[in-house]
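Colleague: I am attaching a structure below and will ask some questions about it afterwards.
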Amino acid sequence: MTQPHREAVAVEHLIRQDFTTYCPMVLKRVRHARQMRDVRRPLFPGYVFIAYDAGLRWQAVRSTIGVRTLVRRGDEPDFLDGAFVAALQAREREGVIVKPSAPFDVGQSVSITHGPLANLVGEIVELRESERVMILLKLMGQHVRTILGTDVLRAAE
């Protein structure tokens, strides 16, 4: 676990101590000074993976610049299955994790499957992060925008 926004510092200092690290990155669209840019951000903010080694010096890791503490289970460090990290690395292209393709597209007609708006049909106007979309519905003669999770939508027939 790293100090806030110090993943790169922690990685740099861990590598200097010959630790094998991995900090998966994603592209995130940010707006600054009326401009939109894609910037690299950690997939798991505040966390860096360290490869396990039987001779790993846990105290050296905990006292590294940028590191807050080790994720532990009780008094012992907690370990993550190497297959999980390998799967992340397999999805990486040019140093960035490629997100899976979205199940829906902008302009697609969708039907709401359950909830208070069940069975209404709308059009997707914007895809958002975290499996959410903005759809345009026609309610009582007016167009209304609402944000819903993809789990309550299906392609309209």
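Under my numbering, think of the first position of the sequence shown as 24, with each following residue one higher. Just so you know, even glycine gets a beta-carbon here, dropped at the ideal spot from N, CA and C.
Helix or strand or just coil, what does DSSP make of V129?
Modeller: Counted from its first residue, the sequence shown places residue 129 at position 106. Coil.
Colleague: I38: buried (16+ other C-beta within 10 angstroms of its C-beta) or exposed?
Modeller: Translated into positions along the sequence shown, residue 38 becomes position 15. When all chains shown are included, I38 counts as exposed.
Colleague: Between G105, G97, R155 and R116, which lies nearest to D76 when the distance is taken from Cα to Cα?
Modeller: Numbered from its first residue, the sequence shown carries residue 76 at position 53. For D76, the nearest C-alpha among the options comes from G105.
Colleague: Does the contact criterion of 3 or more C-beta pairs under 8 Å hold for the stretch 97-116 versus the stretch 136-147?
Modeller: Segments in contact, no.
Colleague: With R64 as the anchor, note down where its beta strand (DSSP E) starts and where it stops.
Modeller: By one-based count along the sequence shown, residue 64 stands at place 41. Here the beta strand (DSSP E) through R64 covers Q58 to P65.
Colleague: Contact check, Q165 vs I147 under 8 Å by CB: the rounded distance?
Modeller: Residue 165 sits at position 142 when you count from the first residue of the sequence shown. Residue 147 sits at position 124 when you count from the first residue of the sequence shown. About 18 Å separates the two Cβ atoms, so there is no contact after all.
Colleague: Does the contact criterion of 3 or more C-beta pairs under 8 Å hold for the stretch 80-98 versus the stretch 26-37?
Modeller: Verdict: yes, contact present.
Colleague: Does the distance from the CB of L159 to the CB of R168 come in under 8 Å?
Modeller: Within the sequence shown, numbered from 1, the residue matching residue 159 stands at position 136. Within the sequence shown, numbered from 1, the residue matching residue 168 stands at position 145. Yes; because the gap between Cβ atoms is below 8 Å, this pair is in contact.
Colleague: If you compare alpha carbons, which of A83, D61, R52 and A56 is closest to D41?
Modeller: Counted from its first residue, the sequence shown places residue 41 at position 18. Cα-wise, what sits closest to D41 is A83.
Colleague: Express the C-alpha separation of F127 and V156 in angstroms, rounding to a whole number.
Modeller: Residue mapping note: residue 156 aligns to position 133 of the sequence shown, counting from 1. Residue mapping note: residue 127 aligns to position 104 of the sequence shown, counting from 1. V156 and F127: Cα-Cα distance of roughly 9 Å.
Colleague: What residue range is occupied by the uninterrupted beta strand (DSSP E) comprising I158?
Modeller: For the purposes of this step, residue 158 is taken as the residue at position 135 of the sequence shown. Note, I158: beta strand (DSSP E), R155 to L162.
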